[in-house]
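Below you'll find the structure, written out as structure tokens, and then a few comments.
Number of protein chains: 2
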Amino acid sequence: MRLASLFAGLSALLATGLAPAFAAGPAATTIPDRALATAETLRAQGLKDDLAWTLTEDLTTSIGPRLAGSANDLKAREWMAARFRALGFDTVRTEPVSYPKWVRRSESGAIVAPVAQTLALTALGNSGPTPKGGLTAEVAAFASLEALQAATDAAVRGKIVYVANPRMSVRVDGADYGKGSRVRSRGPSLAAQKGAAAFVLRSVGSDNNRTPHTGVTSFADGVTPIPAAALSNPDADLLDTVLRRSAPVSLRLDLDCGLEGEYTGANVIGEISGRDDAGEYVLTGGHLDSWDLGTGAIDDASGIAITTAAAHLIAQLPERPRRSIRVVAFANEEAGLYGGKAYAENHRAEIAKAVIGAESDAGADRIVKLTATVKPSARGAIDRIAAALAPLGVTYDAAAPGSGGSDLSAVHAVGMAGLSLHQDTSRYFEWHHTANDTLDKVDIEQLRQNVAVYAVALYLAAEAEGDFGSAPGAFAKDGAN
Amino acid sequence: MRLASLFAGLSALLATGLAPAFAAGPAATTIPDRALATAETLRAQGLKDDLAWTLTEDLTTSIGPRLAGSANDLKAREWMAARFRALGFDTVRTEPVSYPKWVRRSESGAIVAPVAQTLALTALGNSGPTPKGGLTAEVAAFASLEALQAATDAAVRGKIVYVANPRMSVRVDGADYGKGSRVRSRGPSLAAQKGAAAFVLRSVGSDNNRTPHTGVTSFADGVTPIPAAALSNPDADLLDTVLRRSAPVSLRLDLDCGLEGEYTGANVIGEISGRDDAGEYVLTGGHLDSWDLGTGAIDDASGIAITTAAAHLIAQLPERPRRSIRVVAFANEEAGLYGGKAYAENHRAEIAKAVIGAESDAGADRIVKLTATVKPSARGAIDRIAAALAPLGVTYDAAAPGSGGSDLSAVHAVGMAGLSLHQDTSRYFEWHHTANDTLDKVDIEQLRQNVAVYAVALYLAAEAEGDFGSAPGAFAKDGAN
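Residue numbers (the working numbering), protein chains in the order written: chain A, 1 to 481; chain B, 1 to 481.
Have a look at this one:
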């Protein structure tokens, strides 16, 4: 049993009032009744919100793709700071974030033998380039990452390694994503270590469109990046069929991409000041960068927009919340959570002031579930937040941990309590990291539900009497991610 | 009231036996009871068929895209003739078909002002090229083809005309397709006549993928082809948003494509000989060419496969049907029904021998409805065919005409009776004419239902006692298409 589950079970007991004998521990964190009444107003306002749509439309239309380190990355930061200012955020600033810059110039590929067929594919982030004019080699196909791990170097050397599985099914909780992203993250380095010329995999996505899913890979220290690409799912099906019918099969890959020095971008931070001046804040946001194939609407313009709109709604209340609401537009999430890691490093010493964090980074569809990782004596406060969200269709799993989201995972790891607001990802993984990540995929009614949920959750957390347990190293072993 | 409807109403009366006074006309065409019993066997065999899948897989995997006049066009004809022979068709031959050859070399586009965004677009068949290095011009946007028609030359001259509508909704009968394809067919020529530099339209498709829908356009005599392209629906949405937010808007198009002389391909014909030697036959088939963006699985490898598999099933019966079954793999349907028109011209004089025709060219999903255009005294035979198809979920609209399908429209127009087996096109128009037209879109169970329907319908028509009214000029005005 994980520690968080034990805590959750205990706090559930406390919350029901069935175990008064245990209540003699630390003072319980509570949510004042007055705040709950205000939360009802915010909930109603969130459901009528237009700001999140306006921000999502503007970022995806006026700027579009925002690959970390690109010219649009800078434009997006300027846009974000200007929006925070225009919306009346009290503090607007940036914190520098440095990372290796990866660029994509062009990409193409084909099956060249025993049949000739063009392939819809896309280079993975951190992929190396092919030689000029492309690379042609025989395919070494594997059913799984484990099968590749078990292969001899001789079976792989000089070949294009293809990992054909897993196939991703449609799930509300996106449960299959981890299996596929593991192949994407680890496969290319493993293939390179065995002497492969290149690496391709089935897209990590649940769709059947010829829009391949990019995403980051990483090469172990000392391993020279090889060309690495994802085939669209129909193209993976085609390659599977060709391999089943006859062998050997040869591919041509022509990827012009690669690392290009170091870049310094920034997290852009907008804050609504609380009425207390203790420096405590509730942390929220999304990531400002996106992959370059689409316009980054659901990954993650909508997350930026939802959390900014929620903070803005709170700022319009007659009275400011007790604590500040800090919205962070994180830098370069896609290539490895650089913005989140930099934030954690910068704010590690004062992590107790980040009372709890909740980030939006799984699209624009409705929030279906709340989980949290907090100290046991704050579980009652989470219960009250959950109750305030229930009318919005949000369920509560008190036994599961919650880091607060991908960009907050590093901040959580250094000790911030986390509140995870899980979205329905049934549609998300059809479009995630593809050319199809565009504004038309955003449903304004579901977007508004997100704004309402964040406004309520952020506000109630900011009004809580008592903290959620944030402290250096507090949740190092809770298993949340 | 259309003539066909009048006929249909009259024949419905005849079929019910409520109007015996009218029955003193020509002898009614009938379907023998023995043939109906055999049809039940075919129906069951069709539902277990694997041949249609095998053929669809093989054509889309071993050859793939089959743009008329391309190297793959020839490969596909050789493949088709070889398959007919291998399957034991009694006669295999070709009939030449000539047409202007159009080629696509490369294509790209972007919004360049007031924002910079890459556009997913594809040139229309018969599109002219842009100048080398591309063409940049201001957009002249119109809500409809009618609005473009009403525009002055001055409003259009030198600009890139954009027609923003219609949007296509998902319909079982694909009813919206005609509205969109009218813009695609006529818009570019109209824009060129008014002096436009180029033409773009919203894709004629019901999806929200960044896979634009190509399709043919045509330029009036004496009009020089201008560059003409379809934007994917999300890209049309983006352009709409940009136009709504600010004007003027400029696009860059770079289309390397155009007409390249005359090409002579062929219709490939495989025939199962009937037991009578009167030379009469039932005509079926699909088109062998496809657009080049996908592998032409649902448009129209599946049509070729369904009708070939149905004819092959009939050929395996202990006794051949009375009339022959002729399967035609038509040439260059996509650029203007060239194969169908050539067939009609070649066989015009002996059209009475083509007793009825039914072609498959709307994907691989299940057949939901039967309509027919036949002489009134053959309506009873159609009623019996419809009854034999009812267990397969096929409804019957006796009042609507049926030409037999797109490739047969020209043959129908010179006098062949038509039997139209309408497929569910809810999914078809998501993928039609896009890169997404690939094998994974074919559902083997629905494909089998098609084989069963065709096997039953073709067999019963071949066994009919009496004809369906095919004669020179017989159905010139029935309104079927």
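Even glycine gets a Cβ: it sits at the ideal position worked out from N, Cα and C.
Annotation: tryptophan 291 of chain B is outside any beta strand (DSSP E) and is labelled neither H nor E by DSSP. The closest CA to that of aspartate 254 of chain B, considering only B/His347, B/Leu288, B/Gly109, B/Ala140, is found on B/Gly109. The beta carbon of aspartate 176 of chain A is closer than 7 Å to those of Pro166, Met168, Ser169 in its chain, skipping five residues each way along the sequence. In terms of Cβ geometry, alanine 247 of chain B and isoleucine 226 of chain B do not form a close pair [threshold 8 Å].
Taking CB atoms only, glycine 158 of chain B has no neighbour in chain A less than 8 Å away. Contact fails between the region 218-232 of chain B and the region 143-152 of chain B, because fewer than three Cβ pairs, one in each stretch, are under 8 Å apart. Pairing aspartate 276 of chain A with arginine 326 of chain A gives a Cβ-Cβ distance that is not under 8 Å. Of the candidates B/Leu145, B/Ala311, B/Arg210, B/Ile382, B/Leu145 places its Cα closest to the Cα of lysine 179 of chain B. Around the beta carbon of arginine 202 of chain B, 16 or more other beta carbons sit within 10 angstroms, so the residue counts as buried. For proline 234 of chain A, the uninterrupted alpha helix (DSSP H) run begins and ends at 233-245, by DSSP. Note on geometry: alpha-carbon atoms of leucine 439 of chain B and alanine 52 of chain B lie some 12 Å from one another. For isoleucine 111 of chain B, the enclosing beta strand (DSSP E) covers residues 91-113. Within the region 241-254 of chain B, the residues whose Cβ lies closer than 9 Å to any Cβ of chain A are, in chain order, Thr241, Val242, Arg245.
When 7 Å is used as the limit between beta carbons, serine 62 of chain A is near these residues of chain B: Val115, in chain order. Residue environment analysis places isoleucine 306 of chain B among the buried positions, since at least 16 neighbouring C-beta atoms fall within 10 angstroms of its C-beta.
The region 382-390 of chain B and the region 123-138 of chain B do not touch, with fewer than 3 CB-CB distances between them shorter than 8 Å. In terms of beta-carbon proximity, arginine 384 of chain A stays away from the interface with chain B, with every pair separated by 8 Å or more. DSSP places alanine 329 of chain A in the strand class (E or B) of the three-state scheme. The beta-carbon of asparagine 436 of chain B is placed less than 8 Å from the nearest beta-carbon of chain A.
Lysine 341 of chain A: member of the alpha helix (DSSP H) spanning 338-347, first to last residue.
Three or more beta-carbon pairs separated by less than 8 Å are not found between the region 416-424 of chain A and the region 69-86 of chain A, which leaves the two stretches without contact.
When Cβ-Cβ separations below 8 Å define contact, proline 234 of chain A makes contact with chain B. Bridge partners of glycine 270 of chain A according to DSSP: A/Val92, A/Val327. Taking the C-beta atoms as reference points, proline 65 of chain B is found nearer than 8 Å to serine 290 of chain B. About 4 Å separates the CB atoms of valine 451 of chain B and aspartate 49 of chain B; that is less than 8 Å, so the two are in contact. Near chain B, meaning a CB-to-CB distance below 9 Å, the residues of the region 191-213 of chain A are Asp207, Asn208, Asn209, Arg210, Thr211. At a cut-off of 8 Å between beta carbons, leucine 231 of chain B makes no contact with chain A. Here isoleucine 444 of chain B is exposed. Its C-beta has fewer than 16 other C-beta atoms within 10 Å. Secondary structure at serine 420 of chain B: strand, using DSSP grouped into helix, strand and coil. Among the bridge pairs identified by DSSP, glycine 178 of chain B is matched with none.
The Cβ atoms of serine 406 of chain A and glutamate 333 of chain A lie closer than 8 Å to each other. Looking at the DSSP output, aspartate 256 of chain B bridges to B/Ser106. For the region 441-460 of chain B, the set of positions with a beta-carbon nearer than 9 Å to some beta-carbon of chain A reads Lys441 in chain order.
With 16 or more other Cβ atoms from the protein chains shown falling within 10 Å of its own Cβ, glutamate 107 of chain B counts as buried.
Taking the beta carbon of glutamate 57 of chain B as reference, the chain A residues within 8 Å of it are Thr241, listed in sequence order. Residue burial annotation: glycine 158 of chain B is exposed, with fewer than 16 other C-beta atoms found within 10 angstroms of its C-beta.
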